[in-house]
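Q: Residue numbers (this note's numbering): 3 to 105.
Note that CB positions come from ideal geometry on N, CA and C, so glycine has one too.
Have a look at the structure that comes next, please.
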C-alpha cells in the first residue's frame, strides 16, 4: 500500500485541489462537487466501464447504482472483504478482475 500512503502524503502537503473540489474533508462537502452531477451525461460514455466497491465501503451499492446503471457497458464488482481499497485488501482478485477487463 505504499503508493496509497504516498498519495495521502502528497494530499497533506498540498490539499489545494481536494479542498477546491470537495471541501475540508469527505464528510463535509462544501465545494464545487456539492452541486455537480454527471449522472445525466453518463450515457455518453461508450467505453467499457468497471464499477468497483468494497462490501464495507461507505459507497454502498445503493449509492453507486445511479452512476452504474447509466453506463451502456458497465461491469460491476463488489469485493467481499474490502473497504475502500480492494487493490490492497484483496490484491489478487483485484488484479484478476482489472486484468480481465483490460485484456
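Excluding the five sequence neighbours on either side, which residues of its own chain have a C-beta within less than 6 Å of the C-beta of residue 76, listed in chain order?
A: Same-chain partners within the cutoff: 51, 53, 70.
Q: Check the DSSP bridge columns for residue 67 and list the partner residues they point to.
A: Paired residues: none, contrary to the question.
Q: Exposed or buried, which one is residue 56 when buried takes at least 16 other CB atoms within 10 Å?
A: Burial call: buried.
Q: Leaving out five residues before and five after residue 33 in sequence, what residues of the same chain have Cβ atoms less than 8 Å from its Cβ?
A: Excluding residues within five positions, the ones whose Cβ falls inside 8 Å are 21, 22, 23, 24, 25.
Q: Residue 41 and residue 68 look like a contact to me (Cβ under 8 Å); what is the Cβ gap, rounded to whole Å?
A: Correct: roughly 5 Å between the Cβ atoms.
Q: Which one of 4, 81, 105 has the shortest CA to CA distance from residue 95?
A: It is 81 whose Cα lies nearest to the Cα of residue 95.
Q: At which residue ranges does the stretch 37-90 contain complete beta strand (DSSP E) runs of 3 or more residues, listed in the order of the chain?
A: Counting only runs of 3 or more, we get 51-56, 76-81.
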